[in-house]
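S.K.: Numbering (the working numbering), first residue to last: 2 to 106. Ideal Cβ positions, reconstructed from N, Cα and C, are used throughout, including at glycine.
1. Under 8 Å, with one C-beta from each stretch per pair, do the region 52 to 61 and the region 72 to 84 reach the 3-pair mark?
2. What residues are listed by DSSP as bridge partners for residue 20?
3. So, using beta-carbon positions, are residue 1 and residue 24 closer together than 8 Å?
4. Give me the Cα-Cα distance between residue 30 and residue 98, rounded to the nearest whole angstrom.
5. Taking residue 14 as the reference, which of 103, 73, 90 and 106 has the closest Cα?
6. Can you look up residue 30 in the DSSP assignment and give me helix, strand or coil?
7. What's the gap between the Cα of residue 39 and the Cα of residue 18?
This is the structure:
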């Protein structure tokens with residue numbers, strides 16, 4: 002039996018499974034994500050096209066079905082949203098690393 006998921010909200014793939022926070026573990030949120038990165042000097046039109054094609058692919062019925070079968074909750078985002086997420090994760094996990102006194106490598 003699943004006790005909880007670690008995301009900030011319930012998964013549509015497992016709607017009956019509460020979040021860790023709902024189960025009483027206050028502030029516990031940890032999830033994985035994937036992104037496509039390109040070199041910093043990639044022209045904006047190329048980035049826009051990549052973003053458009055990724056969104057189209059993620060939303061394609063066959064791709065979406067396969068991802069659901071793999072228990073992947075896929076969601077396309079804009080390059081700006083991804084940049085904000087990345088910066089937020091760097092800050093968040095940087096604080097954890099510092100608090101845990103994990104040596105930098």
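M.R.: Reading off the structure:
1. A contact exists between the region 52 to 61 and the region 72 to 84.
2. Sequence index remark: in the chain shown, residue 20 carries index 19 (1-based). The beta-bridge partner set that DSSP reports for residue 20 consists of 6.
3. With the chain covering only 2 through 106, there is no way to say anything about residue 1.
4. By 1-based counting over the chain shown, the position of residue 30 is 29. By 1-based counting over the chain shown, the position of residue 98 is 97. The straight-line gap from Cα to Cα measures roughly 16 Å.
5. Locating residue 14 in the chain shown gives position 13, counting from the first residue. If we check each option's Cα against that of residue 14, 73 comes out closest.
6. The count along the chain shown starts at 1 and reaches residue 30 at position 29. Reduced to three states, the DSSP call for residue 30 is coil.
7. On the chain shown, residue 39 is found 38 positions in, with the first residue counted as 1. On the chain shown, residue 18 is found 17 positions in, with the first residue counted as 1. About 36 Å.
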